[in-house]
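Remarks on the structure that follows.
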Ligand SMILES: Nc1ncnc2c1ncn2[C@@H]1O[C@H](COP(=O)(O)OP(=O)(O)OP(=O)(O)O)[C@@H](O)[C@H]1O
Ligand SMILES: [Mg+2]
């Protein structure tokens, strides 16, 4: 299971995305704490797709870059977009995860958004730099 795509249309899809996220994270070799963290980040992305964008898709992939491997978590939707992406990624803006929470849970986050849609890509690496 190197890549997985889950289409998201309703809150039922939180579980449909969370399970393969856990499975892929275990396969990559993450600790159980990191596996749960990745599952939580996945839940937050899916929840926002349902709540704000009327659905979209989640892509999960194992990644291997120069010297480090890990997992990439992507959320795509077709709008309405986030007005202020700088504010949206701030941690503590909301009670839960959201873009800011996903950034805190993962090791890196890229967010691009327009009225046509939002694309969030988050990364978690197996071995952190010391
Ligand atoms: N996919 C998205 N499309 C459009 N707007 C979004 C999307 N994801 C998040 N947002 C906007 O970014 C804001 C911050 O998201 P975040 O998930 O942090 O907060 P929340 O969903 O309001 O609260 P919580 O996640 O704690 O229930 C949201 O209030 C929403 O306006
Ligand atoms: Mg949210």
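Numbering (my numbering), first residue to last: 44 to 173. C-beta atoms are modelled at their ideal positions from N, C-alpha and C, and glycine is treated no differently. Nothing here was measured: the structure is a model prediction, and the numbers come from that model.
Going by other Cβ atoms of all chains shown within 10 Å of its Cβ, with 16 needed for buried, is residue i buried or exposed?
i	result
residue 170	exposed
residue 154	buried
residue 161	buried
residue 144	buried
residue 159	exposed
residue 45	exposed
residue 71	buried
residue 110	exposed
Which residues in the same chain have their Cβ closer than 7 Å to the Cβ of residue i, if we skip the five residues on either side of it in sequence?
i	result
residue 52	98
residue 86	57, 61
residue 59	49
For the alpha helix (DSSP H) that contains residue i, what are its first and last residues?
i	result
residue 71	56-71
residue 81	75-96
Could you give the first and the last residue of the continuous beta strand (DSSP E) run that contains residue i?
i	result
residue 120	111-120
residue 53	Neither: residue 53 is in no beta strand (DSSP E) and is coded neither H nor E.
residue 161	160-168
residue 106	99-108
By Cβ distance, which residues of its chain are closer than 8 Å to residue i, with the 5 residues on each side in sequence left out?
i	result
residue 69	78
residue 55	none
Tell me, which residues are paired with residue i by DSSP?
i	result
residue 45	DSSP output for residue 45 lists no bridge partner at all.
residue 151	166
Round the Cβ separation of residue i and residue j to the nearest angstrom and send it over; I've been treating them as touching at under 8 Å.
i	j	result
residue 104	residue 148	Not confirmed; about 17 Å, so no contact.
residue 118	residue 92	6 Å
residue 76	residue 63	Contact doesn't hold; Cβ gap of about 19 Å is too wide.
Tell me which same chain residues have a C-beta within less than 6 Å of the C-beta of residue i, skipping the five on either side of it?
i	result
residue 115	104, 106, 166
residue 150	166, 167, 168
residue 73	none
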